[in-house]
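Encoded structure:
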């Protein structure tokens, strides 16, 4: 559709104002050349409007437009008058045009500068870590510049690898990011809603039902508000009192519905968290994932935070997003339908102008806010990581408090804690500053711009109303007032719905961050069960002392179960990729008590980590008994009673089912010389036993646990290092009486008499398994101690010999 050729050929049409007129007029209707302006007529907004009005008057008689309700030449004229006023405002004063154009250009330049700076700031913030801020001795915080922090971090961490995916444009990256979020969310939703008949599904349906009920109650209350105002304008006290009473009665179910919406939102959050937590616990405690995730893999730094804080935040955000999206969408649909029905019933046309205004406002607002919004999802993820670093710093200090106290490391630990805290605090401050401009734009657009648009939407139907012409003034005023109040209530409800949808974008951005954290945690748990490990700083291949490389990502060893401990050509490889021994082969049968000796770090304890399934079998094969127990130098004591320490990991119910009583436990305590603990504390008092018992008592208590379970094979890793020799003899003797096969890792010569075999690590990757000759071994040990004592005084004797040579004037013989 175009203007007539005469209009297009006019030289005046090339002006900016007339170009606007042309672009506005073209989509409306075609102007026939018979009623077009002559070539000598000067093009003005008035002349163009007259031509359009004339064309509309003739065209409106067609059958097609006659069926269009409410579209008349007068209707179009009112629309054109508004447009003509805007054109006249700019056309009559060129300076205003230049002024407004300059302002718009300046705003556009400022927005583009803001967008560029926003991207740079976000990249620099995401590069920060818990070591980016240093606490000075005077207590002040030295924070490096954002650019320095960004330079200190590998730039590949801030960019997406596009070599494999072919990503080249920001649009594609955003699309892939959204697809990743939808995939992760769908995975978690399948866990939360395992079936259509699950408890979570019914909670969601009840919640949705109350949200729908609240929408219809809002519409009814808006209609009732209009009737109340109409009765006030009509000065009818009886109707006013009746409708106010009606309004108060309706408020009772409305209040109940509001309360139930909040209740079901909280119940949904708890249900989501419970389902995810149970699923996560199942994966976390299966196949020793709890050990592997912290010792074999380095991707999940703070599993405790992911299992608690992150799951709780994800569940609450997900439940809240449902309220923020489902009800507002329904509100918009229902309220729009009600407004259109009111417009048609009152002769306001189809309500098309108001709909176009609302659509344009929402579109512009959403696009504008999306353009100035920072990447909230990634920033929330980074904030959660820094929170986890701070939590980890505190837990690490609690775990190693004794070692820190021995080293007087309070100052160093304080610096570490403050570094972690201020890294988080400074990041949060920068995050808040990033949101200042976004919150300002959000407030301006949703509060003031939308309010002005709402007034315009209310004014258009009143200005274009044709049915009220000739109506008595009093009835017209009261009717318009009632319609205005009702329409205002519906518009406010619709505007509030749109605002909540716009605000939910931030909620979804935060949800995406927690979704990524929870999904990544569950993904790592699954990979731990499949023995797929990744660790920062870990080489692709471990290197043995003889430069033999082993691909640590290629796990090809086999594990079987039997009545022996057998290793067949198995390498001992640490999680960091260090190969401690290349070919370990031996077989320990029932009754072959074995002592394991060797230097520190040669692989003695690592050998039995492989046997227990904590470390993978990279090559060869192992056969281990299922009834194998490991007793370490630092026994693990649980929170609970003294009875719980003995029967761990069994429960009291398991103990009762086996027919074991407290009297039987007292006999075990006598065997490990701890009867005084039973007399002092009893069996039912709960204490923190790590702080109550001494080192020797803890080790003896671990033997009480060993006697209770009575395994076929037991590995004793320096298990008697803190007990006396006489108690050691009593503990080992009772183990032999119970028929256990002992495997001791120790340097104590006093333990030789309890063993028949020796497994010797030479520290160079070699392992020897042979029969133990106690007398020969004891003699060698005595000779070693004698030489060690003599060598300890060699320096002193050499010094004295040098002095004697100087006094006698003789040469020192060892030079």
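Residue numbers (the numbering used here): 1383 to 2197.
Even glycine gets a Cβ: it sits at the ideal position worked out from N, Cα and C.
Span of the alpha helix (DSSP H) holding residue i?
i: residue 1827; result: Per DSSP, residue 1827 belongs to no alpha helix (DSSP H) and is neither H nor E.
i: residue 1587; result: 1581-1615
i: residue 1575; result: Taken as a continuous stretch (DSSP letters only), residue 1575 belongs to no alpha helix (DSSP H), as it is neither H nor E.
i: residue 2117; result: 2107-2119
i: residue 1671; result: 1671-1677
i: residue 2086; result: 2077-2091
i: residue 1781; result: 1758-1781
i: residue 1986; result: 1986-1993
i: residue 2072; result: 2071-2074
Am I right that residue i and residue j are in contact with their C-beta atoms under 8 Å? What's the rounded C-beta distance?
i: residue 2143; j: residue 1963; result: 7 Å
i: residue 2004; j: residue 1952; result: 6 Å
i: residue 2198; j: residue 1980; result: With the chain represented from 1383 up to 2197, any question about residue 2198 goes unanswered, as that position is not in the structure.
i: residue 1957; j: residue 1678; result: 5 Å
i: residue 1976; j: residue 2139; result: 4 Å
i: residue 1954; j: residue 1992; result: 7 Å
i: residue 2027; j: residue 2071; result: 6 Å
i: residue 1599; j: residue 1635; result: 7 Å
i: residue 1768; j: residue 1827; result: Incorrect: roughly 31 Å between the Cβ atoms, too far for contact.
i: residue 1622; j: residue 1610; result: 7 Å
Taking the DSSP output, what are the residues bridged to residue i?
i: residue 2152; result: 2140
i: residue 1887; result: The partner list for residue 1887 (beta bridge, DSSP) is empty, contrary to what the question assumes.
i: residue 1711; result: In the DSSP output, where bridge partners are listed per residue, residue 1711 has none listed.
i: residue 1976; result: 2125 and 2139
i: residue 1941; result: 2004
i: residue 1351; result: Any property of residue 1351 remains undetermined from this structure, which presents the chain solely from 1383 to 2197.
Flag this pair as yes or no: are the beta carbons of residue i and residue j separated by less than 9 Å?
i: residue 2083; j: residue 2056; result: yes
i: residue 1759; j: residue 1983; result: no
i: residue 1773; j: residue 1913; result: no
i: residue 2127; j: residue 1978; result: yes
i: residue 2078; j: residue 2104; result: yes
i: residue 2015; j: residue 1948; result: no
i: residue 1761; j: residue 1816; result: yes
i: residue 1754; j: residue 1823; result: yes
i: residue 1673; j: residue 1907; result: no
i: residue 1586; j: residue 1704; result: yes
i: residue 1697; j: residue 1655; result: yes
i: residue 2061; j: residue 2047; result: no
i: residue 1756; j: residue 1500; result: yes
i: residue 2117; j: residue 2141; result: no
i: residue 1707; j: residue 1594; result: no
i: residue 1799; j: residue 1775; result: yes
i: residue 2033; j: residue 2068; result: no
i: residue 2081; j: residue 2131; result: no
i: residue 1700; j: residue 1893; result: yes
i: residue 1943; j: residue 2008; result: yes
i: residue 1662; j: residue 1689; result: yes
i: residue 1606; j: residue 1629; result: yes
i: residue 2114; j: residue 2029; result: no
i: residue 2092; j: residue 2121; result: yes
i: residue 1714; j: residue 1879; result: yes
i: residue 1503; j: residue 1752; result: no
i: residue 1604; j: residue 1875; result: yes
What are the boundary residues of the beta strand (DSSP E) that includes residue i?
i: residue 1953; result: 1947-1955
i: residue 1964; result: 1961-1970
i: residue 1656; result: From DSSP, residue 1656 is part of no beta strand (DSSP E) but of the alpha helix (DSSP H) over 1619-1666.
i: residue 2098; result: 2095-2099
i: residue 2004; result: 2003-2006
Under 8 Å: does the beta carbon of residue i sit that close to some heavy atom of the ligand SAM?
i: residue 2152; result: Absence of the ligand SAM from the depicted structure is noted, as is the absence of any ligand whatsoever, leaving it without description.
Can a CB atom of chain D be found closer than 9 Å to the CB of residue i?
i: residue 1610; result: Among the protein chains of the structure shown there is no chain D, as only one such chain exists.
task: Would you list, in sequence order, the uninterrupted beta strand (DSSP E) runs of no fewer than 3 residues that lie entirely inside the region 2014-2059?
output: none
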